[in-house]
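Protein chains: 4
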Amino acid sequence: VTNPAFSIPEMATVWSPESQARRMLEFEAALARAEARAGVIPSDAADEIGMVCREDWNDAVEILYSAAAEAGTPAIPLVEMLTERVKEPARGFVHWGATSQDTMDTALALQIQDGLDLLLRGLFAVGTELASLASGHRRTLMPGRTLLQQALPITFGLKAARWLALVSRQMIRLGEVRSRSACVQLGGAAGTLAALGTAGVTVTQYLAEELGLAAPLLPWHTERDRIAEVAAALGVVAGAMGKIAGDVVLLAQTEVGEVVEDGDESGRGRSSALPQKRNPIDAVMASAASRLAIGAVPVLLGSMLQEHERAAGAWQAEWEALPDLFRFTMSAVGHVKSCLAGLRVEAARMLANLDAYGGLLMAESLTIALAEHIGRYQAYLLVRQATGKARASGRDLRSIARADTAVTAVLSEEALERALDPTAYLGSTDTYIDRALAEFSRQEPPRGEQQTQDGGQVDG
Amino acid sequence: VTNPAFSIPEMATVWSPESQARRMLEFEAALARAEARAGVIPSDAADEIGMVCREDWNDAVEILYSAAAEAGTPAIPLVEMLTERVKEPARGFVHWGATSQDTMDTALALQIQDGLDLLLRGLFAVGTELASLASGHRRTLMPGRTLLQQALPITFGLKAARWLALVSRQMIRLGEVRSRSACVQLGGAAGTLAALGTAGVTVTQYLAEELGLAAPLLPWHTERDRIAEVAAALGVVAGAMGKIAGDVVLLAQTEVGEVVEDGDESGRGRSSALPQKRNPIDAVMASAASRLAIGAVPVLLGSMLQEHERAAGAWQAEWEALPDLFRFTMSAVGHVKSCLAGLRVEAARMLANLDAYGGLLMAESLTIALAEHIGRYQAYLLVRQATGKARASGRDLRSIARADTAVTAVLSEEALERALDPTAYLGSTDTYIDRALAEFSRQEPPRGEQQTQDGGQVDG
Amino acid sequence: VTNPAFSIPEMATVWSPESQARRMLEFEAALARAEARAGVIPSDAADEIGMVCREDWNDAVEILYSAAAEAGTPAIPLVEMLTERVKEPARGFVHWGATSQDTMDTALALQIQDGLDLLLRGLFAVGTELASLASGHRRTLMPGRTLLQQALPITFGLKAARWLALVSRQMIRLGEVRSRSACVQLGGAAGTLAALGTAGVTVTQYLAEELGLAAPLLPWHTERDRIAEVAAALGVVAGAMGKIAGDVVLLAQTEVGEVVEDGDESGRGRSSALPQKRNPIDAVMASAASRLAIGAVPVLLGSMLQEHERAAGAWQAEWEALPDLFRFTMSAVGHVKSCLAGLRVEAARMLANLDAYGGLLMAESLTIALAEHIGRYQAYLLVRQATGKARASGRDLRSIARADTAVTAVLSEEALERALDPTAYLGSTDTYIDRALAEFSRQEPPRGEQQTQDGGQVDG
Amino acid sequence: VTNPAFSIPEMATVWSPESQARRMLEFEAALARAEARAGVIPSDAADEIGMVCREDWNDAVEILYSAAAEAGTPAIPLVEMLTERVKEPARGFVHWGATSQDTMDTALALQIQDGLDLLLRGLFAVGTELASLASGHRRTLMPGRTLLQQALPITFGLKAARWLALVSRQMIRLGEVRSRSACVQLGGAAGTLAALGTAGVTVTQYLAEELGLAAPLLPWHTERDRIAEVAAALGVVAGAMGKIAGDVVLLAQTEVGEVVEDGDESGRGRSSALPQKRNPIDAVMASAASRLAIGAVPVLLGSMLQEHERAAGAWQAEWEALPDLFRFTMSAVGHVKSCLAGLRVEAARMLANLDAYGGLLMAESLTIALAEHIGRYQAYLLVRQATGKARASGRDLRSIARADTAVTAVLSEEALERALDPTAYLGSTDTYIDRALAEFSRQEPPRGEQQTQDGGQVDG
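Chains as they are written, first to last, in our numbering: chain A, 59 to 518; chain B, 59 to 518; chain C, 59 to 518; chain D, 59 to 518.
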């Protein structure tokens with residue numbers, strides 16, 4: 059039994075021992091084929107190896123990972139088991155010229171692609187929810203808050219648009235990282251491909267073609283910037299999810315009450331002891347997952363300090379840290395998606411909060427209106443005085459302003475009303491929402507589920 | 059299938075959902091008993107609740123953790139299921155006055171005790187190996203190295219003694235942390251124990267007695283310094299393991315060759331492709347586990363920033379980060395233990411390395427010997443000149459010194475030999491080894507396996 | 059010009075190059091004295107060395123730190139400069155038998171004591187403010203909040219008491235860490251004190267006495283658990299400050315309004331553009347400093363992985379990370395102190411917030427009151443129904459309950475009122491506050507400023 | 059006095075309060091000009107504001123940063139001081155429509171450009187050294203090492219080429235990050251630019267043009283992915299430097315001796331006490347700086363979790379963490395550059411190390427040679443037997459092989475010699491070196507020093 063709170067099954071599958079074993083076998087099959095194409099090994103041997111690789115290995119996985127603890131890597135027992143299963147004369151050509159890290163790193167590249175595809179699909183779903191919120195609440199007034207103090211009116215649509223733009227940028231970034239990290243590893247025991255003589259570069263190219271990956275300029279056994287870049291990008295995605303989740307938690311506070319997570323009243327987030335509560339469970343779990351994901355990033359950055367041609371500790375730390383990072387990031391994305399999908403926006407409460415403090419957050423607007431007539435500095439002094447009076451007396455800014463002859467001398471009642479009307483003081487809000495929607499509409503919908511599951515198939 | 063490379067089964071068990079569920083049920087049973095003792099609930103109700111808590115719940119765990127994802131915590135569905143199973147009239151007294159975090163945090167305190175006991179047992183085993191190495195190699199000369207450059211002679215026994223002292227200090231620290239973190243959580247929904255009227259403090263005291271834990275002065279739902287202190291202490295243990303493992307990796311280098319991890323030739327660490335290799339697998343995995351453990355610490359420190367009376371994200375992040383930290387730290391301890399248990403110390407190679415560079419690392423000793431006669435500064439200049447000559451000519455320091463009349467004028471041949479004898483230049487090495495052994499001998503052997511497994515029994 | 063936002067001058071001074079140089083000179087003077095006492099060097103030489111160490115070195119500091127970049131450590135040029143300044147025949151006895159890391163680490167131990175004293179003084183000041191808030195607001199009702207949802211009534215005094223208990227525990231912890239980290243380093247170039255012959259242990263003991271520090275069992279050049287423990291403890295302190303600061307930020311929200319940071323209206327936290335705002339600047343900066351401090355901890359834990367007898371990178375990273383950690387932690391403590399000292403508690407607003415949601419957070423209290431008569435489960439169902447009605451109708455729980463014959467059948471009007479009275483539903487609040495106050499009163503007031511500044515004097 | 063060990067003066071300057079103040083003034087001047095162009099403020103006002111911004115402000119910086127501690131940001135006092143200095147009627151148009159975070163974030167974008175330019179210049183210098191080493195040592199044989207065990211022959215040129223490819227990729231990455239992070243911030247108090255009416259987007263565009271930055275689609279006050287991406291990229295650069303530095307430290311070990319850092323015998327890295335030592339100071343300091351830089355990354359990722367429209371703590375933490383990250387990363391780059399520039403490659407020692415273990419690391423080559431004749435599996439068994447004999451007897455692989463009739467039956471003496479010749483077993487080494495050199499040659503040389511210093515000039 060595994061705690062499912064931080065685990066999305068599809069992502070757990072990508073990083074399961076079974077998937078890793080399958081990906082390693084795909085590498086071995088593709089390597090044999092590539093070497094056959096390059097004339098390094100007989101074509102019959104490649105066929106035989108490929109056939110055995112495509113057999114059902116699920117029963118072997120447990121044995122394999124037990125042996126891995128002894129061998130220091132699962133690739134070593136996997137190659138041994140594969141060698142045993144392949145018949146002579148093909149047997150001698152298994153894993154020809156490769157090292158165990160070639161097997162594991164190329165499998166890793168394939169798993170990373172799968173993981174990034176799942177994340178991209180999750181982010182697209184998040185973006186879809188946000189686009190709906192951004193356009194649907196384009197005009198839903200609410201207080202903008204700086205340092206958690208009410209500042210100026212905004213709309214909930216603008217807030218959603220900012221979240222959306224953040225998500226679109228993450229999709230763009232992950233797309234870039236995906237193409238950069240999608241490269242095979244093939245270097246042999248010390249990164250020279252010595253056992254392949256002069257055919258090393260050609261075999262690498264063919265191998266990449268077989269697997270639908272890129273061929274790197276050089277082997278990268280201990281130059282882990284590609285892995286670190288993936289890690290960093292996921293950390294940023296996790297941070298983005300944490301930002302959105304954190305805002306939802308704050309908006310859902312009893313005293314703010316501007317959103318309720320469980321809009322469909324399904325019962326999620328109810329407390330058995332305290333029936334009045336409506337906890338924003340998904341936002342809370344997304345926030346937790348975000349922190350956990352970010353925690354894995356420095357481990358992977360620190361793991362760039364790898365010794366010589368194969369690291370003694372730093373590489374091995376990647377084996378846990380990177381899957382964890384994918385799992386936690388996916389969990390954050392998934393919880394944000396659920397949170398947004400069921401979000402009920404309490405527009406009336408937003409408006410009430412906006413009005414609750416005597417119109418003080420229209421002070422800047424009033425200043426601007428006055429400034430046209432008496433200069434900005436005089437206007438600022440006048441409004442500061444008025445807000446001081448409002449605060450001291452508990453009266454609202456409107457009544458203070460109406461009673462102030464210095465104000466009424468230059469602003470007609472109509473002009474004053476306009477200056478105190480939040481809907482007239484939204485600046486570029488509409489444009490920003492349009493831009494965020496347009497940018498998201500340029501993001502490609504993610505590939506179908508089936509394709510991702512089968513991404514990087516050995517044989518098509 | 060789980061990758062066992064970073065997982066010690068006993069520690070995995072401590073943090074399994076099954077164990078957590080069992081510990082939560084122990085809390086519920088003990089709470090009922092404590093409340094009965096305090097006259098808050100009927101004694102019969104406590105008996106009935108205790109009986110149901112001691113039933114076999116294993117089948118329920120999967121359902122429970124699925125429900126947890128909805129509820130936001132496994133304690134909520136557990137209390138619901140328990141309530142259903144308990145018969146009336148006891149049913150109404152289940153979880154009386156408590157909140158779900160009381161259940162989870164007290165279970166956590168029990169799990170932490172179990173985890174710390176396993177770590178203490180592991181550290182004792184490591185210490186036992188080190189004590190043997192320290193006394194057995196008290197006089198095994200080797201080069202001391204600073205910034206990875208040979209500096210002065212030391213003995214391998216001294217190195218092992220330093221590691222041992224490090225381990226003893228960790229045992230002392232974990233013992234302190236154990237007593238400090240072993241405290242119940244009981245505060246009710248907002249930390250006032252309001253539902254218990256005036257009996258809150260008494261019930262807390264009885265609850266602590268029932269569970270063999272301490273009663274805290276106040277509930278600590280969002281004051282997580284105890285958890286953070288546990289995390290920090292484990293981070294230091296992990297760092298200690300990383301230090302030892304790192305030194306082993308360096309000593310096992312081909313060009314150094316002073317230790318071989320697999321002294322019993324069991325085949326561990328052999329490379330199938332490169333038969334000449336003897337990889338220090340356990341040291342490598344310990345180093346990786348150490349990094350992973352340390353990576354969890356800042357997540358738990360950052361999780362101290364918890365909101366009001368229950369956190370929205372930070373507490374939930376603990377649920378993954380703390381078990382991971384225990385697992386990785388235990389893995390590091392376990393791998394260091396295996397590494398040391400099979401370590402072959404190549405004393406001849408150590409001596410050869412000491413002698414390989416022309417006796418240059420006896421330069422300080424020669425300086426001291428000369429200084430008694432000609433002052434330290436003159437001695438320093440003389441020896442610097444001699445080492446320069448040695449380096450330039452490729453001759454050893456002994457022959458240079460013998461041919462230097464400024465040296466022979468004050469040092470007899472016997473005195474010169476003594477000055478160049480590493481065994482005569484070990485300073486306080488013996489005393490240090492004795493002290494490290496004595497300090498470790500003061501550490502209590504860990505409690506038996508059975509006790510740890512059953513620690514914090516529900517009924518005694 | 060340095061940005062003072064995250065810097066408390068006293069703490070900056072402790073970690074300045076000037077202070078480090080002074081502390082290193084104290085080590086050199088004390089070492090000479092200890093060696094003279096042990097008969098290792100002439101007493102006259104120790105006097106001469108001590109005299110030069112006590113001269114004014116401030117002019118030399120800049121040169122010294124420029125040279126440090128070349129030498130890899132400031133201790134090497136310092137010893138060279140000291141050697142030049144000391145007259146013959148004492149010159150040859152400068153730094154006798156020691157290595158540069160002995161000088162730096164012992165200076166570090168002294169700086170750590172100074173830093174911990176400043177932190178303890180800061181925490182005592184924070185605790186003093188909190189004790190005042192805890193006792194002064196013992197009965198100031200406010201909503202307790204879990205997952206940022208109103209849950210049950212608490213008092214602001216209880217919240218302050220929980221913060222206070224957190225602070226007291228940190229004082230206790232820092233006191234322990236202080237005694238453990240206050241130990242000299244003396245091992246010579248490879249940790250054997252070979253140059254001191256058999257006198258090593260005696261000299262170490264005398265050195266410790268001279269400096270008012272402890273003598274360690276063994277040198278600890280690359281066993282850095284003491285430093286890591288200091289780091290971890292500071293990380294926990296920083297987390298504690300972040301907890302308090304975070305709560306203040308949340309309480310100061312416009313919609314919550316339960317505290318105002320700048321109670322004395324000094325103008326701090328005002329926004330020039332938005333005159334209505336009252337930003338909780340100190341809480342915000344404390345929160346920032348807390349994050350920065352915690353960020354330094356994993357660097358120092360990771361720096362435990364030190365090679366052989368002197369590390370090539372990990373030790374050097376401590377030189378920046380540890381001072382930063384002290385500076386940021388002190389900044390967090392200082393900002394929390396300022397925040398609390400000027401905090402205005404808006405008791406009326408707290409009460410209003412408590413009442414604002416129809417008395418729903420008295421639901422548990424009503425359940426308990428009913429349970430005595432009709433059993434807990436029936437009571438729970440009844441109250442859940444009532445809160446549902448209250449929520450749906452917008453009416454308050456009181457009026458719903460009064461109109462419910464199932465309630466009035468068992469509860470008199472008086473009993474109902476009592477069940478809905480928050481002041482009657484505070485459980486152990488008073489006891490908890492008393493305990494927190496009592497525990498803090500057991501904390502020793504910090505030593506006077508002068509003593510801290512002069513802590514570890516070279517000559518007494 | 060500041061410890062210069064981790065500080066490159068040019069980078070320190072970029073992040074000094076003086077530079078920040080200057081950049082903020084550039085923003086204010088450019089904003090005024092942009093607003094004048096858009097017809098929002100009078101052109102004369104923009105001229106006056108620009109003139110004052112270009113005055114000498116250095117004397118004001120200290121006052122400004124003292125005031126910043128009170129105000130919570132240096133932008134607030136700066137705008138106040140600027141407003142005072144600007145004459146009426148322009149005074150009222152200072153900072154028109156902007157918020158203090160607009161000022162600070164745009165200044166930050168400019169500082170980031172400067173910082174990235176310095177890093178790019180540093181990386182280019184590192185790459186230039188590496189290109190020279192890669193081509194100069196193309197054929198310098200050395201042992202390749204996996205898990206710090208000798209594995210197969212490589213050349214030092216290949217190792218340098220791998221480092222070089224790593225550096226080239228970082229230059230490409232930083233270039234991308236530079237273009238993405240180079241965008242202005244302009245949103246006004248709550249991100250709507252309400253005070254600019256409908257002109258917000260136009261003013262933003264003009265502002266971007268004035269400053270040579272991009273205009274973002276939306277304000278990004280609390281969507282900090284751009285900053286986090288910069289941080290992550292620097293963390294990867296730091297990791298890359300740590301990789302190179304770590305390898306140098308390992309190669310410089312006494313027992314390996316394949317490189318000496320201070321090739322020009324300038325005296326750097328000498329130990330005064332131990333004249334035989336040659337410490338790789340620059341590599342050590344680069345390693346330390348790398349760790350410190352990586353430590354700042356999670357702080358900045360964690361700081362993405364910002365509240366609503368302006369963060370209460372997370373944004374403020376950036377103010378220290380990002381400059382620290384730039385400083386430490388630059389320090390790592392600078393130390394690696396110095397280390398490589400003075401590196402002496404001990405080719406003879408490399409060859410000696412390669413030969414020192416009886417030719418065992420030619421085992422794979424021999425296997426390949428035999429496999430052509432007897433199949434890979436038979437070959438593997440034969441060679442494993444031979445290496446076992448070699449290890450047991452202390453004889454070298456060549457003599458064992460020559461005496462083995464199973465070998466001599468299929469390999470002529472010439473063929474055997476070829477199989478044991480490391481120069482004939484380098485695989486794709488040459489191609490890899492060529493590729494790394496070619497890729498680096500495609501990197502643009504960094505812009506001149508003057509341009510970087512003046513990058514983003516206010517007036518052209």
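No residue lacks a Cβ here, since even glycine has one placed at the ideal position from N, Cα and C.
Checklist line | Cutoff 8 Å: residue 297/D Cβ touching any chain C Cβ | finding: Taking the first residue of the fourth sequence as position 1, residue 297/D is located at position 239. Answer no: the Cβ-Cβ gap between residue 297/D and chain C never drops below 8 Å.
Checklist line | Option in 383/C, 474/C, 337/C, 279/C with minimal Cα separation from residue 356/C | finding: Here residue 356/C refers to the residue found at position 298 of the third sequence. Answer by Cα proximity: 383/C.
Notebook entry, point to check: When you compare only the Cα positions, how much space is there between residue 490/D and residue 237/A?
Noted result: In the fourth sequence, residue 490/D corresponds to position 432, counting from 1. In the first sequence, residue 237/A corresponds to position 179, counting from 1. If I take the Cα positions, the gap works out to 21 Å.
Next item on the list: Please list, in chain order, all residues of the same chain as residue 247/B whose beta carbon is under 6 Å from its beta carbon, the five residues on each side excluded.
Entry: Stepping through the second sequence from its first residue, residue 247/B is reached at position 189. Once the five neighbours on either side are set aside, the close Cβ partners of residue 247/B are 157.
Notebook entry, point to check: Per DSSP, what kind of secondary structure is residue 184/D in: helix, strand or coil?
Noted result: Indexing the fourth sequence from 1 puts residue 184/D at position 126. Correct three-state label for residue 184/D: helix.
Check: For residue 262/A, does the count of other Cβ atoms within 10 angstroms reach 16, so buried, or fall short, so exposed?
Finding: As a position in the first sequence, residue 262/A is number 204, starting the count at 1. Buried, by the Cβ-count rule.
Checklist line | Inter-stretch contact (C-beta, 8 Å, three-pair minimum) for the segment 400 to 420 of chain B and the segment 108 to 128 of chain C | finding: no
Check: By Cβ distance, which residues of its chain are closer than 8 Å to residue 495/A, with the 5 residues on each side in sequence left out?
Finding: Reading the first sequence from its first residue, position 437 is the one you call residue 495/A. Here the set comprises 189, 192, 193, 219, 222.
Margin query: Measuring only the C-alpha atoms, how far is residue 83/C from residue 111/C?
Written below: As a first step, residue 83/C is located in the third sequence; it is residue number 25 there, counting from the start. As a first step, residue 111/C is located in the third sequence; it is residue number 53 there, counting from the start. C-alpha separation (whole angstroms): 5 Å.
Notebook entry, point to check: According to the Cβ coordinates, are residue 283/C and residue 228/B closer than 8 Å?
Noted result: By one-based count along the third sequence, residue 283/C stands at place 225. By one-based count along the second sequence, residue 228/B stands at place 170. Yes, Cβ-Cβ distance for residue 283/C and residue 228/B is below 8 Å.
Item checked: Helix, strand or coil at residue 339/C according to DSSP, with G and I counted as helix -> Working through the third sequence from its first residue, we reach residue 339/C at position 281. Of the three classes helix, strand and coil, the one that applies to residue 339/C here is helix, per DSSP.
Notebook entry, point to check: Terminal residues of the continuous beta strand (DSSP E) containing residue 201/A?
Noted result: The residue labelled residue 201/A in the question sits at position 143 within the first sequence. Residue 201/A -> beta strand (DSSP E) spans 199 to 204.
Notebook entry, point to check: Hey, does residue 409/A have any beta-carbon neighbour from chain D nearer than 8 Å?
Noted result: Working through the first sequence from its first residue, we reach residue 409/A at position 351. False, the Cβ-Cβ gap to chain D never drops below 8 Å.
Checklist line | Cross-chain neighbours of residue 374/D in chain C, by beta carbon under 8 Å | finding: Taking the fourth sequence and counting its residues from 1, one reaches residue 374/D at position 316. When 8 Å is used as the limit between beta carbons, residue 374/D is near these residues of chain C: 63, 342, 343, 345, 346, in chain order.
Next item on the list: Using three-state DSSP, classify residue 500/D as helix, strand or coil.
Entry: Residue mapping note: residue 500/D aligns to position 442 of the fourth sequence, counting from 1. If DSSP states are grouped into helix, strand and coil, residue 500/D belongs with coil.
Next item on the list: Name the one or two DSSP bridge partners that residue 272/B has.
Entry: As a working mapping, residue 272/B is identified with position 214 in the second sequence. Residue 272/B is bridged to 241/B.
Checklist line | CB contact below 8 Å: residue 498/D versus chain A | finding: Along the fourth sequence, one-based indexing puts residue 498/D at 440. Cβ-Cβ to chain A under 8 Å: no for residue 498/D.
Margin query: Residues in the same chain with beta-carbon distance under 7 Å from residue 278/C, minus the five sequence neighbours each way, listed in chain order, please.
Written below: Taking the third sequence and counting its residues from 1, one reaches residue 278/C at position 220. 243, 284.
Note to self: 8 Å is my cut-off, CB to CB: does residue 361/A come that close to chain B?
What the structure shows: The sequence position of residue 361/A within the first sequence is 303, counting from 1. Contacts with chain B at 8 Å (Cβ-Cβ) include residue 361/A.
Check: By the criterion of Cβ-Cβ separation under 7 Å, what are the contact partners of residue 147/A in chain D?
Finding: In the first sequence, the residue the question calls residue 147/A occupies position 89. Here the neighbours are 433.
Margin query: So, with DSSP's three-state summary, where would you put residue 403/B?
Written below: Reading the second sequence from its first residue, position 345 is the one you call residue 403/B. Of the three classes helix, strand and coil, the one that applies to residue 403/B here is strand, per DSSP.
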